[in-house]
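Numbering (the UniProt record's numbering), first residue to last: 1 to 104. For glycine and all other residues, C-beta sits at the position ideal for the given N, C-alpha and C. Quick caveat, the model's predicted, so the values are computed rather than measured. Below is one structure; the comments refer to it alone.
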């Protein structure tokens with residue numbers, strides 16, 4: 001519980017470690033994920049996918065999670081921050097919650 005931002009940062013960090021193509025892919029995938037979740041390869045692509053996920057999430061979260069639109073916007077902004085944190089090569093453990101099993 002509470003590990004969402006860690007996994008956003010970790011996924012983008014791991015992809016970025018694979019070089020410029022990894023950064024591109026991470027950004028595309030993250031942005032697509034965020035856009036898709038908000039509506040119900042390099043840095044640009046991950047951002048596109050993440051933004052799409054956030055757009056879809058903006059529609060589905062109020063319905064499925066009981067979140068207000070303002071809460072969804074704040075969560076999306078925090079997700080994007082964690083995505084960029086990881087893509088930039090910063091340590092994703094900054095977002096690691098206490099008690100998360102070591103296998104992650």
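The three-state secondary structure of residue 4, taken from DSSP, is helix.
Between residue 95 and residue 5 a beta carbon distance of about 4 Å is seen, short of the 8 Å cut, so the two are scored as contacting. Rounded to whole angstroms, the separation of the alpha carbons of residue 84 and residue 27 is 8 Å.
Here the alpha carbon of residue 93 sits roughly 10 Å from the alpha carbon of residue 86. Annotated three-state conformation of residue 78 is helix, per DSSP.
When the Cα atoms are used, residue 17 and residue 98 turn out to be separated by approximately 25 Å. For residue 14, the secondary structure class from DSSP, reduced to helix, strand or coil, is helix.
Between residue 9 and residue 25, the C-beta spacing is not below 7 Å. In the three-state DSSP reduction, residue 97 falls in the coil class, being neither helix nor strand. In this structure, the alpha-carbon of residue 11 lies about 12 Å from that of residue 79.
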